[in-house]
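If you're matching positions, the sequence shown starts at 1 in the UniProt record's numbering and goes up one per residue.
We treat Cβ as the ideally placed atom computed from N, Cα and C, and that holds for glycine.
A short write-up of the structure that comes next.
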Amino acid sequence: MDEILDGLEDAINSNPNITPTITKNSAAGTIDIAGAGAVSEQTFDSSLDIDYDIAAGRVATYRALADKISEIPGLRAYMVSEDGGTNNDVLEDNDIFKLSTSNKDMLKGIIQIESLIPGKAFDISEVGETSNNNSVAGAYQSTSIAVAGTGVGALQSARDALARAITGNQQDVYTPADLGLSGNSTLNDFRYSLTIYDKELEKIIPVPNDNATIPQPVDINITDVTSVQDFVDQFNAQAQSSSPALADYVEALNINGNVVIQTKDHNYDVEFSGSLKDAVNVVNVAGTTGTTSSTISGTNIDFGKGIDFTYTYDDGTINGNVNISGANSLADIATQINAVSGLSATVVGNDVVVTSDAGTNFTTSNFTNGLTGVTNVPIDKNNDYSGRQGAGAEFIELVNTVDQTTTQSSLQLKLDTLGISDSAFGEFSVDSTGLITMKQDGAVFAIGQVSIALFNNTRGLNPSGDNLLAKTNESGEPIYNLNNDKTAKIEGKTLELSTADLSESLVNLMVFQRAFEANAKSITTSDQLLNTLINLKR
């Protein structure tokens, strides 16, 4: 609602017929107009083309239109905002657009439509908006034909486009609650880095890194964060200036009020392992002697995650600890200290002042946090929302168990549940790019994609029987790559040759044969010598 009210406020301020003092009332969902040049509601409605209800309706309509266009095979549409050009209210050839789910941006009604199939062109003949009997003509840019190797995902072929439609982009999602930004006015600091497979270097590398021979990760710092949009803006700015540039691999977006970190289109088939940490900055207060009060400074205390503290006191006769758990504010600390008999705590500005009963002096007093020695607390991505953002392709559920002895004819795939075919069974194949296809009545359907897991230390994998391996702490986390000829090829109906060196093996065979012959000669010589001795005795 605030974003729509902001949009209305901008519209009012840019209207030459209205010169009021604007006050946004978020609680009531209204904009109050007062002061010199104020206008009545009727005058306001006649001077301004939009009100709150219409704005909300337009946003919903634009989003529904983008969804409807995305249902057309080979097309993808989404709401965008202008991020370049000379006039942000007019479509220009030099405009740069970026995906946006901000109501304020969507209110402008800019929809970007992309073709997913190289060489496939589409034309927009007319665009407009109709409400009751009123029609408003829209504007659109001239279209260009998708070229192989450029555009979305740098696609090379229709098959590559099909793989792209199935796999989508990896997305790590963090909600405001995950980041500690929900209902919290405290400034938050974060650090971020990732590990990804670089297709040019053909190596797994940390990004950013120190550019050493064995590169070590270097975090980007995102400081004084107050909102999701603030996090996104700082992330993208830091990602652009880091070395190597984090922006070459991923980007951060504000989608429906959540932080979404996803791979760029040209890296859609590569997965990354991101590391987001809460740069916790907590404070320890040293002991004080001979006083009736102790002051805990809250200036450097980060309450974004609910931190545990221990308050230690000694009044000369009684020693004790106050264990403060899940503190999200200075008031939380004071409340939990007040629950202890003999102590009283109040919040004064950014301080918590602790006093003892009358006539009792503190001999020592310490305030320590439960994260001693921990400067960065890992933040897990939201597993409910993270994953791969696809382009709407359907996956067929494989009911049969697939093992290494399964043949093409023994795997039975049912298509009738999807309405693709009334026939119950079909055949499948896997090509060199790892794309799994199903053939039914002459038609080929893409049903999945084989991914390849890369490890920093393959020797650290744990053998699990046959040719199966399992990850360990020594091997590190897997970095998944959706094959696609970038890291390996899958060959069907072939037998892999041994990796033994045939020349070396043949040389060793001759050496062993000569050694055997030499040993055989020694045995023959010994036998002849014994025969000679026996004959001499005779």
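Residue range of the unbroken beta strand (DSSP E) whose run includes residue i
{"i": "Q112", "result": "I111 to S115"}
{"i": "A453", "result": "I452 to L454"}
{"i": "S193", "result": "N188 to D198"}
{"i": "Y78", "result": "L75 to E82"}
Limits of the alpha helix (DSSP H) - the one that residue i falls within
{"i": "S241", "result": "V228 to S241"}
{"i": "L461", "result": "No alpha helix (DSSP H) holds L461; DSSP gives it neither H nor E."}
{"i": "T335", "result": "L330 to N338"}
{"i": "A252", "result": "Element bounds for A252: not the alpha helix (DSSP H) but the beta strand (DSSP E), V250 to I255."}
{"i": "A177", "result": "P176 to L179"}
Reference residue i; option with closest CA among the options
{"i": "E71", "options": "S115, G109 and N103", "result": "S115"}
{"i": "E92", "options": "L99, S100 and E82", "result": "E82"}
{"i": "S241", "options": "F190, V352 and P208", "result": "P208"}
{"i": "K104", "options": "R63, V59 and Q112", "result": "V59"}
{"i": "K277", "options": "G342, N323, K381 and D230", "result": "K381"}
{"i": "D265", "options": "L343, N221 and Y249", "result": "Y249"}
{"i": "I222", "options": "S193, T213 and D210", "result": "S193"}
{"i": "A245", "options": "V259, N211 and V228", "result": "N211"}
{"i": "D67", "options": "Q112, A56 and I96", "result": "Q112"}
{"i": "G434", "options": "I490, N473 and N462", "result": "I490"}
{"i": "D219", "options": "V354, S464, G274 and N535", "result": "G274"}
{"i": "L65", "options": "P73, I196, N256 and G109", "result": "G109"}
{"i": "D123", "options": "T472, S102, T226 and L75", "result": "L75"}
{"i": "residue 540", "options": "N473, F516, T524 and I452", "result": "What the structure shows of the chain is the stretch from 1 to 538, and residue 540 is not part of that stretch, so it cannot be assessed."}
Three-state secondary structure assigned by DSSP to residue i
{"i": "K108", "result": "coil"}
{"i": "D95", "result": "coil"}
{"i": "residue 542", "result": "Residue 542 is absent from the model: the chain starts at 1 and stops at 538."}
{"i": "Q171", "result": "strand"}
{"i": "S341", "result": "coil"}
{"i": "Q528", "result": "helix"}
{"i": "D278", "result": "strand"}
{"i": "L155", "result": "For L155, the pLDDT reaches just 48, beneath the cut-off of 50, and the residue's location in the model is therefore unreliable, although a value from the coordinates is still provided. L155 falls in the coil class under three-state DSSP."}
{"i": "D224", "result": "strand"}
{"i": "V59", "result": "helix"}
{"i": "A470", "result": "strand"}
{"i": "A515", "result": "helix"}
{"i": "N267", "result": "helix"}
{"i": "V90", "result": "coil"}
{"i": "S125", "result": "coil"}
{"i": "S429", "result": "strand"}
{"i": "S102", "result": "coil"}
{"i": "residue 543", "result": "What is shown of the chain runs 1 to 538, which leaves residue 543 out entirely."}
{"i": "N382", "result": "coil"}
{"i": "I324", "result": "strand"}
{"i": "N209", "result": "strand"}
{"i": "S273", "result": "strand"}
{"i": "I436", "result": "strand"}
{"i": "I479", "result": "strand"}
{"i": "I261", "result": "strand"}
Exposed unless 16 or more other CB atoms sit within 10 angstroms - verdict on residue i
{"i": "M106", "result": "buried"}
{"i": "residue 573", "result": "Here the chain has residues from 1 to 538 only, and residue 573 is not among them."}
{"i": "S182", "result": "exposed"}
{"i": "F235", "result": "buried"}
{"i": "E251", "result": "buried"}
{"i": "N188", "result": "buried"}
{"i": "S464", "result": "exposed"}
{"i": "G57", "result": "exposed"}
{"i": "M438", "result": "buried"}
{"i": "F190", "result": "buried"}
{"i": "P73", "result": "exposed"}
{"i": "A520", "result": "exposed"}
{"i": "I255", "result": "buried"}
{"i": "L468", "result": "exposed"}
{"i": "residue 613", "result": "Here the chain comprises residues numbered 1 to 538, so residue 613 is not present and cannot be evaluated."}
{"i": "T101", "result": "buried"}
Cβ-Cβ separation, residue j to residue i (assumed contact under 8 Å), whole Å
{"i": "L201", "j": "V232", "result": "No, L201 and V232 are not in contact; Cβ-Cβ is about 28 Å, not under 8 Å."}
{"i": "L454", "j": "P478", "result": "7 Å"}
{"i": "N457", "j": "S475", "result": "5 Å"}
{"i": "V80", "j": "L99", "result": "6 Å"}
{"i": "T263", "j": "Q170", "result": "5 Å"}
{"i": "N258", "j": "T175", "result": "5 Å"}
{"i": "I333", "j": "V352", "result": "5 Å"}
{"i": "I204", "j": "T195", "result": "6 Å"}
{"i": "I379", "j": "D178", "result": "6 Å"}
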